[in-house]
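J.: First residue of the first sequence? That's 60 in my numbering, and the numbers climb one at a time after it. Glycine residues also receive a C-beta, built at the ideal position from the N, C-alpha and C atoms. Here it is, the structure, as structure tokens.
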Amino acid sequence: MARILITSALPYINGVKHLGNLVGSQLPSDAYARVMRQRGHEVLLICATDEHGTPAELAAAKAGLPVAEYCARMHEVQKALADGFALSFDHFGRSSSARNHALTQHMAGRLAEAGLIEERMERQVYSRADGRFLPDRYIEGTCPNCGYDKARGDQCENCTKQLDPTDLVNPRSAISGSTDLEVRETKHLYLRQSAMRERLRAWIDSKTDWPVLATSIARKWLDDGEGLQDRGITRDLDWGIPVRKGTEPWPGMEGKVFYVWFDAPIEYIAATAEWADATGQDDSAWLRWWREDKGAHDVRYVQFMAKDNIPFHTLSFPVTLMGANFDGAEPWKLVDYIKGFNWLTYQGGKFSTSQGRGVFMDQALEILPADCWRWWLLANAPESSDSDFTWEAFQNGVNKDLADVLGNFVSRVTKFCRSRFGEQVPAGGAWGEAERALVEELRRRLAAYEAHWDALEIRKAAAELRAMWVAGNEYLQRAEPWARFKTDPEAAAAAIRFALNLTRLYAIVSRPFIPQTSDRIFAALRLAPETERDWPRDVEAALRALPEGHAFETPPTLFAKITDEQRAELEARFAGAD
RNA sequence: GGGCCCGUAGCUCAACGGUCAGAGCAGACCGCUCAUAACGGUUUGGUUGGGGGUUCGAAUCCCUCCGGGCCUACCA
Numbered sequence: 060m061a062r063i064l065i066t067s068a069l070p071y072i073n074g075v076k077h078l079g080n081l082v083g084s085q086l087p088s089d090a091y092a093r094v095m096r097q098r099g100h101e102v103l104l105i106c107a108t109d110e111h112g113t114p115a116e117l118a119a120a121k122a123g124l125p126v127a128e129y130c131a132r133m134h135e136v137q138k139a140l141a142d143g144f145a146l147s148f149d150h151f152g153r154s155s156s157a158r159n160h161a162l163t164q165h166m167a168g169r170l171a172e173a174g175l176i177e178e179r180m181e182r183q184v185y186s187r188a189d190g191r192f193l194p195d196r197y198i199e200g201t202c203p204n205c206g207y208d209k210a211r212g213d214q215c216e217n218c219t220k221q222l223d224p225t226d227l228v229n230p231r232s233a234i235s236g237s238t239d240l241e242v243r244e245t246k247h248l249y250l251r252q253s254a255m256r257e258r259l260r261a262w263i264d265s266k267t268d269w270p271v272l273a274t275s276i277a278r279k280w281l282d283d284g285e286g287l288q289d290r291g292i293t294r295d296l297d298w299g300i301p302v303r304k305g306t307e308p309w310p311g312m313e314g315k316v317f318y319v320w321f322d323a324p325i326e327y328i329a330a331t332a333e334w335a336d337a338t339g340q341d342d343s344a345w346l347r348w349w350r351e352d353k354g355a356h357d358v359r360y361v362q363f364m365a366k367d368n369i370p371f372h373t374l375s376f377p378v379t380l381m382g383a384n385f386d387g388a389e390p391w392k393l394v395d396y397i398k399g400f401n402w403l404t405y406q407g408g409k410f411s412t413s414q415g416r417g418v419f420m421d422q423a424l425e426i427l428p429a430d431c432w433r434w435w436l437l438a439n440a441p442e443s444s445d446s447d448f449t450w451e452a453f454q455n456g457v458n459k460d461l462a463d464v465l466g467n468f469v470s471r472v473t474k475f476c477r478s479r480f481g482e483q484v485p486a487g488g489a490w491g492e493a494e495r496a497l498v499e500e501l502r503r504r505l506a507a508y509e510a511h512w513d514a515l516e517i518r519k520a521a522a523e524l525r526a527m528w529v530a531g532n533e534y535l536q537r538a539e540p541w542a543r544f545k546t547d548p549e550a551a552a553a554a555i556r557f558a559l560n561l562t563r564l565y566a567i568v569s570r571p572f573i574p575q576t577s578d579r580i581f582a583a584l585r586l587a588p589e590t591e592r593d594w595p596r597d598v599e600a601a602l603r604a605l606p607e608g609h610a611f612e613t614p615p616t617l618f619a620k621i622t623d624e625q626r627a628e629l630e631a632r633f634a635g636a637d
């Protein structure tokens, strides 16, 4: 038994996430956690909402709510959606929690002690009308290069030229449109990542099993231009974690908060502490996951994230943790494996929150049960490159894999049994060649399925699972219980008993992908998921698990098919504003 | 501009120096009738984006061209 710590990238607080966000971290982290739990490992799956930063403040203002209230509400919304998708987080925390305040301040204090924090005076644009400093991209103006009048302060979207806000002609606030801007001096803390460059490089070089996506992005940042740059870790905002040096004030930094990207990864740890608090455990419960000197030496830590998050998880966060252990007193657990995802696109283009293009988590659950989405998204996860969601592909995948292959298998077996033997596992007969052959095949496939999960090859795992479902249909065709029933009812009974056991096996091995359907199959078989879901160590024994005479209930249709009319309707409804 | 990734059957992808380049979907044909007209079998289909090179041998390595995507660090 291993101990596996799993974190999903934190969804940002400013709205409901779309399917691309879901498949990029939360959903695969859940499926992986489920597999590993079922296989008997000790797993802790942590996620949280990422609540700080300018966009949260602006979204709150737009909603007409105080930002704390807005975040509290949106947290509940996102939590409910996570539950709706059956995401099995051990804890879904909040980066604004008291635990994260304390821990983030603690880390900053340690980094200061380590000499890894530098104070720098810098000049930033302040908007008097908005009463706030503006991040570069919240300043708009005319591009000095191409004349585009909606160029942003960081880059012109029209000519792609990189800009400095002061380059813009007629700059204005992107928030209010106000031109009452001025450049003010302000002091900020910088994390001296550059000082850790070679240590980071050695660490990255040691990760030979990571996806190229992760290592190549990290190396690019290490070597780009003059090498890894120091990073500002504070901001002039109201909403956030106040800058403190541990528990002490930080002279000269009054009224400032830590940068959201500094405190967000620390929330992985703080959320684990929140979990301990919520479950009535003391500090040792979370420290044994995160501190190598307090029990985490044998933990394997796996992070899930989309590719845009990779620099922060391969560079900034490790610098924080390594730096906080400058004197060897706080050996924090570093990530062992990063599972990075590309983007999911929508009908060939980008998902767009602003244009309402694509499907969002709340809408998805209104349309179809979570398992349909879970299956399709995971089976088509953007692992090696971006992948595209189309309604046609979705309809095809759900109908073929779930309705026809798996759903119909359960249906044909239970209904045949009901009509010929009644709703209990039939007795009599014995296994023959067909049964033994399938046991062999499933042994092989189950081993491959496990190996794909170990390697975090999710699409391959899905394909292998599907092949196990197909094997059940092949078996029935070969065993022909409907024909045998007329000549040798005992043989038909043995075949159907075997097939009912297959159904149970499917409920177990399919559970990481389709947990709600797994529950429904267990319920139909009158079995408790809690006692049955353990991974089959012996396929043959697993296929003899249901005793003769065990009563079941023929389940209603597991998956309704998506009709062409439905698909057309959905396609039109989600086409977006453009 | 720089960097990274990718381009394999109609579609989605797998093979990552070595048996006739594989699988699912879609298509065609056959079979079955227990089942959500579902299932099973057989099968059509590729000069692996173009060109050049290395090698006994390349989808796989190198160069080049074409096409697509992503990143480029005070949005998160």
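(1) Rounded to whole angstroms, what is the Cα-Cα separation between G387 and H77?
(2) Taking 8 Å as the cut-off, does the stretch 405-415 touch the stretch 195-209 (at least 3 CB pairs, one atom from each stretch)?
(3) Please look up how many angstroms separate the CB atoms of I573 and R433, rounded, as I've assumed it's under 8 Å.
(4) Find the nearest neighbour of A530 within the set A493, F148 and L272, judged by alpha-carbon distance.
(5) Could you have a look at D109 and say whether DSSP puts it in helix, strand or coil?
(6) In terms of residues, what are the limits of the beta strand (DSSP E) holding E181?
(7) Could you tell me which whole beta strand (DSSP E) segments of length 3 or greater appear in the stretch 446-489?
(8) Taking the alpha-carbon positions, what's the S232 to L222 distance?
(9) For R543, which residues does DSSP report across the bridge?
(10) Span of the beta strand (DSSP E) holding Y396?
(11) Mind checking which residues open and close the beta strand (DSSP E) that includes M364?
(12) Tell me whether the beta-carbon of V319 lies closer than 9 Å to the beta-carbon of Q164.
(13) Leaving out the 5 sequence neighbours to the left and right, which residues in its chain are closer than 6 Å to R251 when beta-carbon positions are compared?
(14) Kindly identify the DSSP beta-bridge partner or partners of V378.
(15) Over the uninterrupted alpha helix (DSSP H) stretch that includes I276, give me the two end residues.
(16) To the nearest angstrom, how far is the alpha carbon of P548 from that of A619?
(17) CB P638 to CB N73, shorter than 9 Å?
(18) What number of angstroms, rounded off, separates the C-alpha of F103 from the C-alpha of E128?
(19) Is N653 helix, strand or coil by DSSP?
(20) Does P308 pass the burial test, meaning 16 or more other C-beta atoms within 10 Å, or should it be called exposed?
(21) Could you tell me the alpha carbon to alpha carbon distance between K209 and F633, rounded to whole angstroms?
(22) If R350 sits next to D395, beta carbons under 8 Å apart, how far is it from one beta carbon to the other, in whole angstroms?
(23) So, at 8 Å on beta carbons, what are the nonlocal neighbours of T379 in its own chain, with the 5 sequence-adjacent residues on each side left out?
(24) Please name the residue or residues paired with I65 in a DSSP beta bridge.
(25) Going along the chain, which unbroken runs of the beta strand (DSSP E) with 3 or more residues stay wholly within the stretch 128-167?
(26) What number of angstroms, rounded off, separates the C-alpha of D68 from the C-alpha of S88?
(27) Once DSSP output is grouped into helix, strand and coil, what is the label at F581?
(28) If you drop the 5 nearest sequence neighbours on each side, which residues of the same chain put their C-beta closer than 6 Å to that of Q406?
(29) Identify the residues that DSSP records as bridge partners of K246: which are they?
(30) So what's Y318 in DSSP terms, helix, strand or just coil?
(31) Using a Cβ distance threshold of 8 Å, determine whether the stretch 135-144 contacts the stretch 422-440, with at least three qualifying pairs required.
(32) Taking only the alpha-carbon atoms, compute the straight-line gap between R191 and D213 and give it to the nearest angstrom.
(33) L617 and L584: beta carbons closer than 9 Å?
(34) Here's a check: name, in chain order, each residue in its chain whose Cβ is nearer than 6 Å to the Cβ of A330, leaving out the five neighbours to either side.
(35) Of all the options W269, V242, L535 and T562, which has the alpha carbon lying nearest to the alpha carbon of V598?
T.: The short version:
(1) The residue you call residue 387 lines up with position 328 of the first sequence. The residue you call residue 77 lines up with position 18 of the first sequence. Spanning the two alpha carbons is a distance of roughly 42 Å.
(2) no
(3) Counting from one through the first sequence, the residue named residue 573 turns up at place 514. Counting from one through the first sequence, the residue named residue 433 turns up at place 374. Contact holds; Cβ gap of about 6 Å.
(4) The residue you call residue 530 lines up with position 471 of the first sequence. That would be A493, whose Cα lies nearest to the Cα of A530.
(5) Counted from its first residue, the first sequence places residue 109 at position 50. Strand.
(6) The sequence position of residue 181 within the first sequence is 122, counting from 1. Taken as a continuous stretch (DSSP letters only), the beta strand (DSSP E) holding E181 covers I176 to S186.
(7) 446-448
(8) Against the first sequence, residue 232 aligns to sequence position 173. Against the first sequence, residue 222 aligns to sequence position 163. Taking the straight line joining both Cα atoms gives about 16 Å.
(9) Within the first sequence, residue 543 is the residue found at index 484, counting from 1. Beta-bridge pairing links R543 to no other residue.
(10) Within the first sequence, residue 396 is the residue found at index 337, counting from 1. Y396 to F400 is the span of the beta strand (DSSP E), which, as asked, contains Y396.
(11) Position 305 of the first sequence, counted from the first residue, corresponds to residue 364. First-last of the beta strand (DSSP E) with M364: V358 to A365.
(12) For this step, residue 319 is matched to residue 260 along the first sequence. For this step, residue 164 is matched to residue 105 along the first sequence. Their beta carbons are not under 9 Å apart, which means V319 does not touch Q164 by this criterion.
(13) Within the first sequence, residue 251 is the residue found at index 192, counting from 1. Only L175, E177 and D289 meet the Cβ criterion.
(14) Along the first sequence, read from residue 1 onward, the residue named residue 378 stands at position 319. Beta-bridge pairing links V378 to no other residue.
(15) In the first sequence, residue 276 corresponds to position 217, counting from 1. Note, I276: alpha helix (DSSP H), V271 to D282.
(16) Counting from one through the first sequence, the residue named residue 548 turns up at place 489. Counting from one through the first sequence, the residue named residue 619 turns up at place 560. Taking the Cα positions, P548 is about 32 Å away from A619.
(17) Because the chain is modelled from 60 through 637, residue 638 falls outside the range shown and cannot be assessed.
(18) Counting from one through the first sequence, the residue named residue 103 turns up at place 44. Counting from one through the first sequence, the residue named residue 128 turns up at place 69. A small correction: the amino acid at residue 103 is Leu; Phe does not occupy that position in the sequence shown. Approximately 29 Å, taken between the alpha carbons.
(19) Residue 653 falls outside the range modelled here, since the chain spans only 60 to 637, and no answer is possible.
(20) Here the question's residue 308 lines up with position 249 in the first sequence. By the neighbour-count rule (16 or more Cβ atoms within 10 Å), P308 is not buried but exposed.
(21) The sequence position of residue 209 within the first sequence is 150, counting from 1. The sequence position of residue 633 within the first sequence is 574, counting from 1. Rounded to the nearest angstrom, the two C-alpha atoms are 28 Å apart.
(22) Residue numbering aside, residue 350 sits at position 291 when the first sequence is read from its first letter. Residue numbering aside, residue 395 sits at position 336 when the first sequence is read from its first letter. Actually they do not touch by this definition, with Cβ atoms about 15 Å apart.
(23) For the purposes of this step, residue 379 is taken as the residue at position 320 of the first sequence. Closer than 8 Å at the Cβ level, and outside the excluded window around T379, lie M166, L170, L250, F321, P324 and I325.
(24) As a working note, residue 65 is residue 6 in the first sequence. Beta-bridge pairing links I65 to L104 and V361.
(25) Here the runs fully enclosed are 150-153.
(26) For the purposes of this step, residue 68 is taken as the residue at position 9 of the first sequence. For the purposes of this step, residue 88 is taken as the residue at position 29 of the first sequence. One point to set straight first is that residue 68 is Ala, not Asp, in the sequence displayed. Taking the straight line from one Cα to the other gives about 9 Å.
(27) Locating residue 581 in the first sequence gives position 522, where the first residue counts as 1. In the structure shown, F581 sits in a helix (DSSP, three-state: H, G or I).
(28) Here the question's residue 406 lines up with position 347 in the first sequence. Cβ within range, chain order: T449.
(29) The residue given as residue 246 occupies position 187 in the first sequence. In the DSSP output, where bridge partners are listed per residue, K246 has M180.
(30) Within the first sequence, numbered from 1, the residue matching residue 318 stands at position 259. Y318: coil per DSSP, three-state reduction.
(31) yes
(32) Within the first sequence, residue 191 is the residue found at index 132, counting from 1. Within the first sequence, residue 213 is the residue found at index 154, counting from 1. Roughly 18 Å separates the two Cα atoms.
(33) Position 558 of the first sequence holds residue 617. Position 525 of the first sequence holds residue 584. No.
(34) For this step, residue 330 is matched to residue 271 along the first sequence. I105, A107, H150 and G152.
(35) Numbered from 1 along the first sequence, position 539 holds the residue referred to as residue 598. The candidate whose alpha carbon is nearest that of V598 is T562.
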